[in-house]
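Heads up: the sequence lines are chains A and B, in that order. The numbering used here applies: residue 1 is where the first sequence begins, and numbers increase by one. The numbering used here applies: residue 1 is where the second sequence begins, and numbers increase by one. Below is one structure, written out as structure tokens; comments come after it.
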Amino acid sequence: MNKVDLSVQVGPLKFRNPILLASGTVGYGNEVSEFIDLNTIGGIVTKSLSLKPRKGNPPQRILETPSGMLNAIGLTNVGVELFIKEKIPFLKKFDVPIICNIAASTIDEYVECTRILTHEDSIKAFEINVSCPNVKEGGLQFGNNISAVGKITRKVKAATGKPVIIKLSPNSSYISEFAQVVKDEGGDAVSAINTLVGTAFDIYTRKPKIHNVTAGLSGPAIKPVALAKVLEIRQKVDIPIIGIGGIMTWKDIIEFMIAGASAIQIGTLNFINPAASTEILKLIHEYCIKMGIDKISQLTGSYNI
Amino acid sequence: MFIVNAPVEKIIELDNQIFLIKIYCPEIAQSVQPGQFVNVRVSETIYPLLRRPFSVCDVEGDFFYLMFNIYGEGTKILAGKHFGDTIDILGPLGKGFNYEDTYETAIITAGGLGAAPFPFLIKAIGKKKNIFTFIGGKTYRDVITHGMTNISMSTDDGSLGFKGNVVQLLQANMEMLNSSKIKIFACGPNAMLRNLKEFCIKFNFECEASTECAMACGFGICQGCPIESTNNKDQYLLVCKDGPVFNVRDVVI
Numbered sequence: 001m002n003k004v005d006l007s008v009q010v011g012p013l014k015f016r017n018p019i020l021l022a023s024g025t026v027g028y029g030n031e032v033s034e035f036i037d038l039n040t041i042g043g044i045v046t047k048s049l050s051l052k053p054r055k056g057n058p059p060q061r062i063l064e065t066p067s068g069m070l071n072a073i074g075l076t077n078v079g080v081e082l083f084i085k086e087k088i089p090f091l092k093k094f095d096v097p098i099i100c101n102i103a104a105s106t107i108d109e110y111v112e113c114t115r116i117l118t119h120e121d122s123i124k125a126f127e128i129n130v131s132c133p134n135v136k137e138g139g140l141q142f143g144n145n146i147s148a149v150g151k152i153t154r155k156v157k158a159a160t161g162k163p164v165i166i167k168l169s170p171n172s173s174y175i176s177e178f179a180q181v182v183k184d185e186g187g188d189a190v191s192a193i194n195t196l197v198g199t200a201f202d203i204y205t206r207k208p209k210i211h212n213v214t215a216g217l218s219g220p221a222i223k224p225v226a227l228a229k230v231l232e233i234r235q236k237v238d239i240p241i242i243g244i245g246g247i248m249t250w251k252d253i254i255e256f257m258i259a260g261a262s263a264i265q266i267g268t269l270n271f272i273n274p275a276a277s278t279e280i281l282k283l284i285h286e287y288c289i290k291m292g293i294d295k296i297s298q299l300t301g302s303y304n305i
Numbered sequence: 001m002f003i004v005n006a007p008v009e010k011i012i013e014l015d016n017q018i019f020l021i022k023i024y025c026p027e028i029a030q031s032v033q034p035g036q037f038v039n040v041r042v043s044e045t046i047y048p049l050l051r052r053p054f055s056v057c058d059v060e061g062d063f064f065y066l067m068f069n070i071y072g073e074g075t076k077i078l079a080g081k082h083f084g085d086t087i088d089i090l091g092p093l094g095k096g097f098n099y100e101d102t103y104e105t106a107i108i109t110a111g112g113l114g115a116a117p118f119p120f121l122i123k124a125i126g127k128k129k130n131i132f133t134f135i136g137g138k139t140y141r142d143v144i145t146h147g148m149t150n151i152s153m154s155t156d157d158g159s160l161g162f163k164g165n166v167v168q169l170l171q172a173n174m175e176m177l178n179s180s181k182i183k184i185f186a187c188g189p190n191a192m193l194r195n196l197k198e199f200c201i202k203f204n205f206e207c208e209a210s211t212e213c214a215m216a217c218g219f220g221i222c223q224g225c226p227i228e229s230t231n232n233k234d235q236y237l238l239v240c241k242d243g244p245v246f247n248v249r250d251v252v253i
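Here it is as structure tokens:
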């Protein structure tokens, strides 16, 4: 046997393999397409889009930390209108599902963005960012408020017939309570996790190293946290999970799937090796053959606790 | 853009703990332009995690050089490389210097490790223009003359050459600067570039500067390296993709 079925189902969404490229680490696809054939990956999640273009935070936005990085970009993006006009035509050239990530300052803005973008055929689903730690309005103000997450899920679902995924914050005590409200309000899946809030100081000037003071921690440093959050959701709520957080190798992907993820997103790794997903896919395939797994989806939630 | 596992040819230690690493990489050596950079993964482990950006210092056939000092974990690992090791290089990246336009004299202005991109630029300009080099440092230990030509030097403490900063040194040489159609090519700390920009505006000199900013990817997707544009207040430029070399009048330094 050398044919492994790598396709996965995330609620109503089918992907040719479990590897999606995470929002904010793949732009709108064009830069990464110089390194990999986009037709070989499971899907692309766009940089967060807001109704109007956003300039983002002043520098410094990025800092490396032990086995991780802090970022406080501040949702820089071209806005919905330019995205449709300039970015979608490029993405349409590929046979890869596009998940549109939406960030907003108000609940109405989430709805408005979704309402406009839902008419674009190439957008297969929406990922709603209620967990950006780096903006003053929106973001975590919603992500740490269960009733706001419920309301956003309900209203966005009403604005589109396409699947809605809510990207959850790890910066709460019980992520499963948020996953539960997403399910109750008709959400199709959750992405877990967004970045963890962190900061760093210059010990000589005593100033924060990041202009925004706090920033989102990503990279392999957060993988154990992400795995525990995925497991918590899996054990408490019956909703498909897209696992994210510090994936660097094929083994990390298998681990996320065992913990309960139906698919995963590669994030920080895209900055280091934008060609990584193609290499990783090959190794996942080899693992499945070695373990006698004929459908990779069998791994989801297959932990032995 | 290439991602290449490139063999290290050798490490050369210049004076004052400045290193050159010579790398065999025809793909990059044959396509890189002066002022462009590469993003180097110094180790396959997850610490350090991100690549490290370096200006390409010089090119010789299928080889290119990077110049660095030991600043942190990444450069410490880089300095420990030997012949036969390979390093993972992403590049060439960014926009380099426009050195082929109509000026007659190139004025290279470098502060400290800002000397890095200039051996390559000087070689590329060759005999087509006059070249004068002004190099500054805090002390004599920070003045890097490798690959430079027609050198004038300054140090903040006066331990070598002119006492003062490199922009003051330029100012002291105004006679020469006025003498022909010149273009200034600069690289160095932000404070130096700020002074230099002011100087260039005051005396109406053309100037391109290579800028620096913390970045993750080096090719535009992380959006980590914004620089304020003077032409469009609604949108930042990116150091990695729109730069690192900018006309100093186009950016807020």
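Glycine included, each C-beta is placed from N, C-alpha and C at the ideal position.
- Sequence-distant Cβ neighbours of residue 164 of chain B in its own chain, meaning closer than 6 Å and more than five residues away, are 154.
- The region 160-239 of chain A is shown to contain whole beta strand (DSSP E) runs of 3 or more residues at 164-167, 189-192, 196-199 and 214-218, in chain order.
- Cβ atoms of residue 134 of chain B and residue 169 of chain B come within 8 Å of each other, at about 5 Å.
- Listed by position along chain B, the residues whose Cβ is nearer than 7 Å to that of residue 35 of chain A are 3.
- Residue 118 of chain A and residue 159 of chain A do touch by the CB rule: their CB atoms are close to 7 Å apart, below 8 Å.
- Rounded to the nearest whole angstrom, the CA to CA distance from residue 244 of chain B to residue 195 of chain B is 18 Å.
- Note: residue 65 of chain B is bridge-paired with B:22 and B:58 in the DSSP secondary-structure output.
- For residue 194 of chain A, the closest C-alpha among the options A:266, A:125, A:255 and A:253 is that of A:266.
- The beta carbon of residue 65 of chain B sits closer than 6 Å to the beta carbons of 20, 22, 57 and 58 from its chain, once the five residues preceding and following it are set aside; these are given in chain order.
- In this model, residue 123 of chain A and residue 63 of chain A are separated by some 32 Å (Cα to Cα).
- Between residue 24 of chain A and the set A:50, A:35, A:264 and A:75, the nearest pair of CA atoms involves A:75.
- Against chain B, the beta carbon of residue 31 of chain A has neighbours under 7 Å at 219, 220 and 221, listed in chain order.
- For residue 34 of chain A, the closest C-alpha among the options A:90, A:213, A:11 and A:61 is that of A:90.
- Where residue 256 of chain A is concerned, there is no enclosing beta strand (DSSP E), although the alpha helix (DSSP H) around it starts and stops at 250-259.
- Not flagged as an interface residue toward chain A: residue 30 of chain B, since no C-beta distance is shorter than 8 Å.
- For residue 185 of chain B against residue 211 of chain B, the beta-carbon gap comes to about 13 Å, at or over 8 Å, which does not count as contact.
- Secondary structure note for residue 125 of chain A: its beta strand (DSSP E) is the uninterrupted segment 123-129.
- The C-alpha of residue 294 of chain A is placed about 19 Å away from the C-alpha of residue 41 of chain A.
- A:184 is the residue among A:184, A:132, A:202 and A:141 whose C-alpha sits nearest the C-alpha of residue 154 of chain A.
- Shown here, residue 69 of chain A sits in a strand according to DSSP, grouped into three states.
- For residue 16 of chain A, there is no enclosing alpha helix (DSSP H), as DSSP marks it with neither H nor E.
- Among the CB atoms of chain B, none fall inside 8 Å of the CB of residue 224 of chain A.
- Of the other Cβ atoms in all chains shown, fewer than 16 fall within 10 Å of the Cβ of residue 174 of chain A; this residue is therefore exposed.
- Beta-bridge annotation (DSSP): residue 243 of chain A is paired with A:192 and A:264.
- Around the CB of residue 102 of chain B, fewer than 16 other CB atoms lie within 10 Å, so the residue is classed as exposed.
- Unbroken beta strand (DSSP E) stretches of 3 residues or longer found wholly inside the region 9-65 of chain A: 13-15, 19-21, 43-45 and 62-65, given in chain order.
- Contact note: residue 50 of chain B reaches chain A through 62, 64, 69, 219, 268, 271 and 272, using a C-beta cutoff of 9 Å and chain order.
- In chain order, 53 and 55 make up the part of chain A whose C-beta sits under 8 Å from the C-beta of residue 234 of chain B.
- Distance from residue 239 of chain A to residue 223 of chain B at the Cβ level is roughly 31 Å; contact not present, criterion being Cβ atoms closer than 8 Å.
- The beta strand (DSSP E) runs lying completely inside the region 30-112 of chain B and spanning 3 residues or more are 37-41, 52-60, 63-69, 86-93 and 105-111, given in chain order.
- Distances from the CA of residue 167 of chain B to each of B:14, B:111 and B:80 were compared; the closest alpha carbon is that of B:111.
- Bounds of the beta strand (DSSP E) holding residue 7 of chain B are 2-13.
- DSSP places residue 143 of chain A within a helical segment (H, G or I) once states are collapsed to three.
- If you draw a straight line from the Cα of residue 208 of chain B to the Cα of residue 15 of chain B, it is about 28 Å long.
- DSSP places residue 270 of chain A in the helix class (H, G or I) of the three-state scheme.
- The Cβ of residue 73 of chain A sits closer than 8 Å to at least one Cβ of chain B.
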